[in-house]
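All remarks here apply to the structure that follows.
Residue numbers (full-length UniProt numbering): 1 to 690.
The following block contains the structure:
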């Protein structure tokens with residue numbers, strides 16, 4: 001289009017120069033009347049060519065026509081109370097308007113359409129020699145006219161081609177809309193596409209190289225960087241349209257290039273002000289332009305990974321305000337999903353996560369959204385799309401918090417009516433259990449809530465909270481059963497053991513009684529895991545749970561005698577086997593398990609040794625009476641002597657002394673691990689529960 005405009009303008013200059021300098025200047029007295037007026041009209045039309053194509057005033061044609069019509073109505077339809085006064089002057093003005101202005105306007109506006117036909121007509125007449133004097137009397141007049149009419153005709157052909165090309169613009173807009181999956185009835189999205197094509201065409205008419213390096217993305221960014229609110233809105237809508245196409249993955253090659261370009265232009269530090277503005281626009285309770293607000297929300301969700309909350313004042317407040325959306329109920333789900341996506345992306349950055357963990361009310365907002373429209377069978381999948389990232393967020397925020405902030409986040413969860421009950425329902429929901437990650441996060445959050453409540457003064461105030469106490473008991477017993485009889489994925493049984501070990505580390509005897517009351521002979525089952533389980537993590541968790549249970553052993557308390565009898569019997573029976581694992585060479589089968597299988601990990605090996613040593617020490621100090629006359633003490637000393645004999649120790653040692661040697665060995669391993677820089681990692685990928 002730019003080159004066409006230049007061609008029309010160039011031929012117009014030639015026509016104007018030829019007609020004024022050559023014909024009107026050199027042959028004025030030799031032109032007949034028809035040619036004179038034809039040349040005059042063609043020359044007059046060229047002034048419009050320069051105005052339109054050189055100054056870019058093409059769009060003014062329609063505006064001028066509209067204003068001319070308004071002027072005609074004003075002249076012809078005078079007010080009734082001024083009819084007599086204006087009748088004469090009005091008639092004069094109307095006469096001038098009709099006779100003079102209308103023809104001039106028509107010639108100026110539509111002369112380029114008429115000029116080529118005049119040129120064609122006069123060109124044919126000139127070629128046939130009709131109406132001219134003999135050649136010797138006219139000198140070069142005929143060749144001059146042929147040249148003029150030929151140039152004017154060429155200009156007309158180019159102009160008509162340019163006009164036809166303009167009519168293709170609507171079809172091009174339609175094709176672009178189809179490519180970006182824009183509904184043709186959605187004027188809010190189609191209009192920016194039309195404006196983009198019009199802007200490119202208008203600029204190219206002045207500079208054909210203008211379009212080089214420019215595309216839909218650059219146009220959107222330019223609009224968003226302008227100071228015009230209208231331009232900003234158009235830019236946001238275009239960017240949202242492009243992002244939707246990228247997410248649809250229709251043409252991955254095109255989408256990838258656009259994705260890279262958007263990331264470089266918007267996500268770059270030089271364009272950080274654009275992201276800041278977008279984030280601040282979210283903090284609007286009742287936006288005037290809902291559709292633009294939704295566009296901004298989707299754009300922020302796309303660029304969430306580029307956002308640094310420390311650089312945006314009140315950024316987390318603006319983003320978390322999405323969780324308080326109270327607009328169109330049919331779009332609530334879309335808003336909440338976008339909010340969870342943005343917050344989840346932000347939480348992947350340590351700086352943002354710290355910022356979020358220090359923010360008051362964010363946990364409460366997330367829990368409120370999760371329970372706002374509690375799931376039903378028909379909408380469970382939609383509800384999961386909010387609950388899944390929500391539980392992950394709560395878990396990460398609470399885990400990353402300091403002790404004081406942790407207590408605050410837990411308090412926010414408990415303050416939400418039905419919050420703790422919802423967590424319990426999610427734990428038992430068959431469909432939620434099918435989502436492994438969600439199930440894991442629910443366990444971790446419940447563990448964090450109960451542990452934080454128990455370690456603070458909150459637990460005392462919650463004793464009369466029946467919902468909390470019921471959930472606490474149900475969850476504790478659920479963990480016991482899951483750890484003792486877990487099946488399926490190892491991660492759940494492992495997590496249940498770790499959570500139960502944390503919950504049993506308490507001064508309150510109530511959770512201890514719940515554990516021992518879960519089923520008959522719980523201590524026997526834990527002891528079996530301790531000495532027979534192949535997985536290091538299972539043995540370590542069992543040792544920690546038993547240690548915490550033994551810390552509460554009190555033979556003087558007759559109310560718990562029955563519960564702790566089985567615990568003491570199990571410990572007296574199995575603790576010699578545990579002690580053997582602390583002594584080098586005493587349990588070759590145990591040592592070989594680390595050399596030949598079951599997921600060797602030196603860090604877990606040392607951690608298990610520490611847990612076993614702590615259990616042995618607790619049993620020795622809390623459960624077994626120190627008196628040598630005690631039958632259980634004598635039995636343990638006899639077992640210690642057998643261990644000494646098995647490892648060819650010259651002098652048999654008592655249980656106490658052999659335990660001291662075992663603890664020294666563990667201390668050596670612990671120091672070597674620290675000096676070697678070992679760190680804990682998953683011990684293996686075996687999914688069995690043995």
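By construction, the Cβ of each residue, glycine as well, lies at the ideal position given by its N, Cα and C atoms.
Which residue from the options puts its Cα closest to that of residue i?
i           : options            : result
residue 192 : 161, 158, 342, 241 : 241
residue 142 : 554, 19, 282       : 19
residue 465 : 420, 161, 306      : 420
residue 664 : 617, 440, 636      : 617
residue 610 : 632, 591, 581, 620 : 581
residue 548 : 537, 536, 534, 513 : 513
residue 571 : 418, 583, 545      : 545
residue 537 : 628, 491, 170, 557 : 491
residue 313 : 112, 427, 539, 355 : 355
residue 656 : 671, 649, 634      : 634
In whole angstroms, what is the alpha-carbon distance linking residue i and residue j?
i           : j           : result
residue 293 : residue 216 : 21 angstroms
residue 343 : residue 393 : 8 angstroms
residue 599 : residue 673 : For residue 599, the predicted model reports a pLDDT of 42, less than 50, meaning its position is unreliable; a value from the coordinates is still stated below. Roughly 18 angstroms between the two C-alpha positions.
residue 578 : residue 364 : 45 angstroms
residue 569 : residue 658 : 21 angstroms
residue 425 : residue 486 : 20 angstroms
residue 325 : residue 291 : 14 angstroms
residue 561 : residue 553 : 9 angstroms
residue 605 : residue 182 : 60 angstroms
residue 214 : residue 147 : 40 angstroms
residue 311 : residue 266 : 15 angstroms
residue 248 : residue 273 : 27 angstroms
residue 691 : residue 418 : What is shown of the chain runs 1 to 690, which leaves residue 691 out entirely.
residue 660 : residue 651 : 15 angstroms
residue 34  : residue 45  : 17 angstroms
residue 584 : residue 607 : 16 angstroms
residue 505 : residue 511 : 9 angstroms
residue 628 : residue 622 : 15 angstroms
residue 475 : residue 446 : 8 angstroms
residue 641 : residue 676 : 34 angstroms
residue 534 : residue 412 : 40 angstroms
residue 341 : residue 301 : 6 angstroms
Is the beta carbon of residue i less than 8 angstroms from the beta carbon of residue j?
i           : j           : result
residue 452 : residue 501 : no
residue 323 : residue 369 : yes
residue 574 : residue 530 : yes
residue 400 : residue 345 : no
residue 236 : residue 299 : yes
residue 416 : residue 367 : yes
residue 433 : residue 450 : no
residue 232 : residue 223 : yes
residue 632 : residue 586 : no
residue 153 : residue 123 : yes
residue 382 : residue 439 : no
residue 503 : residue 435 : no
residue 395 : residue 441 : yes
residue 508 : residue 454 : yes
residue 31  : residue 151 : no
residue 243 : residue 279 : no
residue 516 : residue 484 : no
residue 478 : residue 427 : yes
Mapping DSSP to helix, strand and coil, what is residue i?
i           : result
residue 408 : helix
residue 416 : coil
residue 672 : helix
residue 447 : helix
residue 295 : helix
residue 553 : coil
residue 507 : coil
residue 308 : coil
residue 653 : coil
residue 155 : helix
residue 349 : coil
residue 356 : helix
residue 474 : helix
residue 429 : coil
residue 325 : coil
residue 191 : helix
Since residue i contacts residue j with CB under 8 angstroms, what's their CB separation in whole angstroms?
i           : j           : result
residue 297 : residue 338 : 5 angstroms
residue 158 : residue 11  : 7 angstroms
residue 173 : residue 197 : 6 angstroms
Under 8 angstroms between C-beta atoms, does residue i make it to chain D?
i           : result
residue 166 : Reference to chain D is not applicable here, since this structure consists of a single protein chain.
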